[in-house]
Amino acid sequence: MVTVKQPTAGGARRAVFAPVDNLARVEAVVHRLSDAIQLGLLADGEQLPGESELAGQLGVSTVTLREALMALRQQGLVITRRGRGGGSFVSLPETPGDERLRVRLRGWTTEELRDLGDHWAALSGAAARLAAERTEPDDLGQLRRTAEELAKAADTATRSRLYGRFHVELAAAAQSARLTREQVALQAEVGALLCLVLGDDEHREEVADRHRSVISAVQDGAHATAGTLAEECVRESTARLVAVRLTL
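Here it is, written out as structure tokens:
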């Protein structure tokens, strides 16, 4: 019998299964689901909804969905089991080793990384401000759990996923589907690179403390403070990535 981890709850997951845009191409579905899998919004071993249900949620035809699932299987992100209890299941990929990540980081210039950091900070800052204005204290449970999981995470792969997940869930707390999708796409683009800076336990603790401070500000309705804290968290991590890039 397959043991399936409990999936992540909340607005971030709802954004994963919201209808894709009007283009509704196979690539759009593949990108949506692969980003969510690599970020950990869909748990390793989690069973996806049935084809008809999932196609309906995403607003695509079953033919489009089947082609997308085939592409995800080829990427090793989904496995399909036949027979009773079968279906399509998430297969979380292994995080690339440090050397592969460094090779990937070499593909970024320092200017591109700083530009990415500006974009990321703007997204997270806006999300934190909106969350402080729109979210009730009882709606912050998932953010708190993610922050505490990060504080305890031992390996860098888990740390990078939880870091990214926090910022996606912050956008979901802002009740903005567009901000949430933007964060998912951004984390899929850069999230794994954070493994290169989150191996430092001291920095991991700093990030966890910053995340807790953001949550407190959101809970207090201090939207300006929440936005500033979220931006500072992103800028600090981006600066560390730039520093690593300069050594390559």
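Just so we're aligned: the sequence shown equals residues 204 to 451 in my numbering.
We treat Cβ as the ideally placed atom computed from N, Cα and C, and that holds for glycine.
Of the residues R284, L304, G424 and A411, the one whose Cα lies closest to the Cα of E435 is A411.
Excluding the 5 residues flanking it on each side, G402 has same chain C-beta neighbours closer than 7 angstroms at T359, in chain order. Comparing alpha-carbon positions, the option among P340, E351 and L389 lying closest to A324 turns out to be L389. Contact check for A331 against V393 fails: the beta carbons are separated by 7 angstroms or more. Following the DSSP letters along the chain, one finds G430 inside the alpha helix (DSSP H) bounded by residues H426 to L449. The beta carbons of T338 and A376 sit closer together than 7 angstroms. In this chain, F292 is not harboured by any alpha helix (DSSP H); it is covered by the beta strand (DSSP E) spanning G290 to V293. Looking at the backbone, the Cα of S264 and that of D247 are separated by about 26 angstroms. Residue pairing of Q250 in beta bridges, as defined by DSSP: F292. In this structure, DSSP gives T283 an extended state, which the three-state scheme calls strand. Note on T312: under 16 other CB atoms within 10 angstroms of its CB, so exposed under the neighbour-count rule. For L295, same chain residues with a beta-carbon under 6 angstroms away, outside a window of 5 residues either side, are D247 in chain order. In the structure shown, A357 adopts coil according to DSSP, grouped into three states. About 31 angstroms separates the CB atoms of A335 and A446; that is not less than 8 angstroms, and the two are not in contact.
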